[in-house]
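Structure first, commentary second.
Chains as they are written, first to last, in my numbering: chain X, 12 to 117; chain G, 1150 to 1303.
Spelled out as structure tokens, the structure:
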């Protein structure tokens, strides 16, 4: 249904601030548009994005309909230890998507 | 026969459209600068919002309001004692004033985020930064939009 792409540097030095990019395919239907018959198209958006680093939350974004289709986010975190950076998107109509990436810190 | 039904369908659709049009004139289809003020007030409470510290980067002219690149950042050491807790983005004239809220902790390293937003029309975008000492800072940017976002059919 939704497919996500994440870009995390595979290696980093300890304490380095790394940049993470995420993109997920999703229409982000605003709920303000109408179809040809004038009926309102129901809202279908991603409401929440959470990034966790070895289980600890490092960044979160609460999205509203004003976010463009296929939400794209670039943010940072500190490379503290080797492990997994996990991403979760949740939204309308029971949407829940997850993705993760491994990072080696030395 | 076929022509007749399509005419009927068209008239019905037109009538529905008219009815909805009447509803729109009662309730405006977009927010107002006052609605944005209210939305900001809801986040900051009674605290004072000062200008500065927040850097909001948006193109001054956007050809497509459906996807406008936005970068927002706040200079901060991002230590447990002194970091940016959140950045909230608002618009004046979109259907609703809230755009996005980013939440950080010291683990974020730096308070800088990029994304793409929708703008319904030419308007001012405001970002409000919330610091760990409880202070609020803001920055605004005006964007001219030549193709408006998302209120028509795709």
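Virtual Cβ for every residue (Gly too), placed ideally from N, Cα, C. Nothing here was measured: the structure is a model prediction, and the numbers come from that model.
field: Nearest to residue 25/X (by Cα), restricted to the options 92/X, 113/X and 106/X
entry: Out of 92/X, 113/X and 106/X, 92/X has the C-alpha closest to the C-alpha of residue 25/X.
- request: Mark residue 1230/G as exposed unless 16 or more other C-beta atoms lie within 10 angstroms of its C-beta, in which case mark it buried.
  value: exposed
task: Could you confirm whether any beta carbon from chain G is found closer than 8 Å to the beta carbon of residue 71/X?
output: Any Cβ of chain G closer than 8 Å to the Cβ of residue 71/X would place that residue at the interface, and such an atom is present.
Proximity winner among 27/X, 39/X, 22/X and 20/X, relative to residue 83/X (alpha-carbon distances): 39/X
- request: List the residues of chain X whose Cβ lies closer than 8 Å to the Cβ of residue 1209/G, in chain order.
  value: Ordered by position in chain X, no residue passes the 8 Å Cβ test against residue 1209/G, which lies about 18 Å from the chain.
- request: Measure the C-alpha to C-alpha separation of residue 19/X and residue 109/X and round it to an integer number of angstroms.
  value: 15 Å
field: Limits of the unbroken alpha helix (DSSP H) element including residue 108/X
entry: If you look at residue 108/X, you'll find it isn't in any alpha helix (DSSP H); it sits in the beta strand (DSSP E) that goes 107 to 116.
query: Is the CB of residue 1290/G under 8 Å away from at least one CB in chain X?
result: no
- prompt: Exposed or buried, which one is residue 1219/G when buried takes at least 16 other CB atoms within 10 Å?
  reply: buried
message: Can you give me the C-alpha to C-alpha distance between residue 1263/G and residue 76/X, rounded to a whole angstrom?
response: One C-alpha to the other measures close to 17 Å.
message: Let me see if you follow: with CB-CB separation under 8 Å, is residue 101/X close to chain G or not?
response: Not an interface residue.
query: Exposed or buried, which one is residue 74/X when buried takes at least 16 other CB atoms within 10 Å?
result: buried
Backbone CA spacing between residue 65/X and residue 1249/G [nearest angstrom]: 25 Å
Partners in chain X for residue 1254/G, counting only beta-carbon separations shorter than 7 Å: 69
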